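> I am attaching a structure below and will ask some questions about it afterwards.
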Amino acid sequence: ILTSDNPRTEDPEKILDDMEAGITPELKSRTLRICDRREAIRTAVMLALKGDVILVAGKGHEPYQEVMGVRHHFDDREELRKALSEKKF
Numbered sequence: 002i003l004t005s006d007n008p009r010t011e012d013p014e015k016i017l018d019d020m021e022a023g024i025t026p027e028l029k030s031r032t033l034r035i036c037d038r039r040e041a042i043r044t045a046v047m048l049a050l051k052g053d054v055i056l057v058a059g060k061g062h063e064p065y066q067e068v069m070g071v072r073h074h075f076d077d078r079e080e081l082r083k084a085l086s087e088k089k090f
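Be aware that the sequence shown starts at 2, since it is given in my numbering, and climbs by one per residue.
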């Protein structure tokens with residue numbers, strides 16, 4: 002799943018275009034593109050099967066998402082916990 006990570010002043014869709022350009026045609030059919038990071042994390046959790054591993058990379062310890070120069074509260078760990086609490090394994 003490709004998603005947004007602190008686009009700052011860049012267009013998040015353009016960033017995803019650039020990321021997607023590096024994906025081989027074989028993998029493209031198995032790749033989702035979800036600009037909203039919260040929704041991307043939730044989707045990853047909901048699609049995961051027992052035994053799967055979900056790697057959320059990029060933000061690390063940062064508790065915010067910076068969009069157009071404005072920092073919005075956002076914590077990957079919180080979003081993962083929330084999504085996992087909704088998931089029925």
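Glycine is no exception: its CB is placed at the ideal position from the N, C-alpha and C atoms. Here the structure is a predicted model, which means the values were calculated and not measured.
Answer with buried or exposed for Arg82, where buried requires no fewer than 16 other C-beta atoms within 10 angstroms of its C-beta.
Exposed: under 16 other Cβ atoms inside 10 Å.
> Using the rule of at least 16 other Cβ atoms within 10 Å of the residue's Cβ for burial, across every protein chain shown, is Glu87 buried or exposed?
It counts as exposed.
> Go through its chain and collect everything with a Cβ distance to Glu67's Cβ below 7 Å, but skip five positions before and after it.
So the list reads Asn7 and Arg9, once near-sequence residues are dropped.
> Can you tell me where the alpha helix (DSSP H) with Val46 in it begins and where it stops?
That run of the alpha helix (DSSP H) goes Arg38 to Leu48.
> Asp53 to His74, Cα distance in whole Å?
Distance between the alpha carbons of Asp53 and His74 is about 28 Å.
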